[in-house]
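Report on one structure; see the data block that follows.
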Amino acid sequence: MKTWLNRLLGSEPARKTPQKSAPVTLPASTAKPAEAGAGFAVRRPLVAANGNVAGFEFCLPASVEERLRRKADPIAQGAHALALMSSMRSTLDNGRVALATLPMA
Numbered sequence: 429m430k431t432w433l434n435r436l437l438g439s440e441p442a443r444k445t446p447q448k449s450a451p452v453t454l455p456a457s458t459a460k461p462a463e464a465g466a467g468f469a470v471r472r473p474l475v476a477a478n479g480n481v482a483g484f485e486f487c488l489p490a491s492v493e494e495r496l497r498r499k500a501d502p503i504a505q506g507a508h509a510l511a512l513m514s515s516m517r518s519t520l521d522n523g524r525v526a527l528a529t530l531p532m533a
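If you read the sequence shown in the working numbering, its first letter stands for residue 429, the second for the next number, and so on.
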């Protein structure tokens with residue numbers, strides 16, 4: 429405590445702060461912007477009138493939608509819909525809006 433007070437009052441010189449290293453640059457992502465996020469669903473932000481993020485829109489990736497359209501398997505469609513709804517859980521738990529977009533069967 430004494431050393432802290434001495435530094436505060438100016439009787440002890442301040443410690444030198446370490447120099448920051450150069451920022452690391454990461455390579456640009458090659459993923460498509462809509463499908464860049466990790467996880468099952470594509471998540472797009474919903475912006476409120478004041479500019480804040482109000483919630484997210486969840487939809488299936490385009491490749492999954494196309495595959496479900498071709499096969500027309502109701503069990504697979506239900507499983508994907510359930511997985512999409514499950515991925516919305518964390519958004520809803522935080523009190524934000526979550527919209528789901530599902531393809532027509």
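Glycine residues also receive a C-beta, built at the ideal position from the N, C-alpha and C atoms.
Cβ-heavy atom distance, residue i to the ligand SAH, below 7 Å
i	result
R497	Because no ligand of any kind appears in the structure shown, any question about the ligand SAH cannot be addressed here.
Continuous alpha helix (DSSP H) stretch holding residue i: start and end
i	result
R524	Counting along the chain, R524 falls outside any alpha helix (DSSP H), and DSSP gives it neither H nor E.
L474	Careful: L474 lies outside any alpha helix (DSSP H), inside the beta strand (DSSP E) at V470 to V475.
A490	A490 to K499
CA-to-CA distance, residue j to residue i, given in whole angstroms
i	j	result
G506	G479	35 Å
L437	Q447	25 Å
N522	A511	19 Å
R524	R435	46 Å
V492	G483	23 Å
Sheet register partners of residue i (DSSP bridge)
i	result
T431	In DSSP, T431 forms no bridge with anything.
E485	R472 and L527
For residue i, the three-state DSSP class (helix, strand or coil)
i	result
Q447	coil
I479	The sequence as given places Gly at residue 479; Ile does not occur at that position. It is coil, neither helix nor strand.
M513	helix
G438	coil
Given 8 Å, three or more beta-carbon pairs between the stretch 484-496 and the stretch 523-530: The stretch 484-496, when compared against the stretch 523-530, does touch it at the 8 Å Cβ threshold.
contact_flag[the stretch 498-509, the stretch 471-484] where n(CB pairs < 8 Å) is 3 or more: no
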